[in-house]
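Asks:
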Amino acid sequence: MLQVADFEENAAPVVSDIEPVYVHKGKASYYADFFHGRTTASGERFSQNRLTAASRRLPLGSRVTVTNADNGRSVEVVINDRGPYVKGRVIDLSRKAAGELGMIEDGVVNVRVEARPSDQPNRSLRHRLERMVAALYPDRKPASEPPVTVAERPDPDLTATDLGVVE
Numbered sequence: 203m204l205q206v207a208d209f210e211e212n213a214a215p216v217v218s219d220i221e222p223v224y225v226h227k228g229k230a231s232y233y234a235d236f237f238h239g240r241t242t243a244s245g246e247r248f249s250q251n252r253l254t255a256a257s258r259r260l261p262l263g264s265r266v267t268v269t270n271a272d273n274g275r276s277v278e279v280v281i282n283d284r285g286p287y288v289k290g291r292v293i294d295l296s297r298k299a300a301g302e303l304g305m306i307e308d309g310v311v312n313v314r315v316e317a318r319p320s321d322q323p324n325r326s327l328r329h330r331l332e333r334m335v336a337a338l339y340p341d342r343k344p345a346s347e348p349p350v351t352v353a354e355r356p357d358p359d360l361t362a363t364d365l366g367v368v369e
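Numbering (our numbering), first residue to last: 203 to 369.
1. Does the region 234 to 252 come into contact with the region 305 to 315, if we say contact requires no fewer than three beta-carbon pairs (one atom in each stretch) closer than 8 Å?
2. With Ala299 as the anchor, note down where its alpha helix (DSSP H) starts and where it stops.
3. Using C-beta distances below 6 Å, list every residue in its chain close to Val280, excluding the 5 sequence neighbours before and after it, in chain order.
4. My output table needs one value for Glu221: the three-state DSSP class, helix, strand or coil.
5. Taking C-alpha atoms, which residue in Ile306, Arg328, Pro319 and Tyr339 lies nearest to Ala234?
6. Out of Tyr232, Glu246 and Leu338, state which residue places its alpha-carbon closest to the alpha-carbon of Gly301.
7. Using the beta-carbon count (16 or more within 10 Å), is Gly228 buried or exposed?
8. Are Thr242 and Asn270 close, meaning C-beta to C-beta below 9 Å?
9. With DSSP collapsed to three states, give me the class of Arg314.
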């Protein structure tokens, strides 16, 4: 049985052995239908039919996995708004995301929110999340370095080919 103390809002995030992960535990709720169609903090219109969420801490545009601590069901959502503004709650979900977690009847459930830098849609968000984790664990380095992209590869040594010869 889960203890309520395990899901305190100010609990320290946990870091995975494989990859630095920002973890936030607390309570989740979902948006009222009243907000459907309104503008979010990211500038897009809120839709109850998309897998989105609001967080006070995570960067807008971040992809996070939310797991219902009571039943183990998970869903991936994109942070597109700020909130929730109710004490003790760490994330507000769209109705679709709440349905995926099986929390519609309960309304508020204990959750684990995980943000992995490698799951982010762009380099800027990945670096922001890496800095969030590094601030919490300054002595920790990731177990594996991120993959090298084409733009970051060193120039090949062309001296042994005719491409390196300048006449």
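We treat Cβ as the ideally placed atom computed from N, Cα and C, and that holds for glycine.
Please read all numbers here as calculations on a predicted model, not as lab measurements.
Replies: Taking the definition as stated:
1. no
2. Arg297 to Leu303
3. Thr254 and Arg265
4. coil
5. Ile306
6. Tyr232
7. buried
8. no
9. strand
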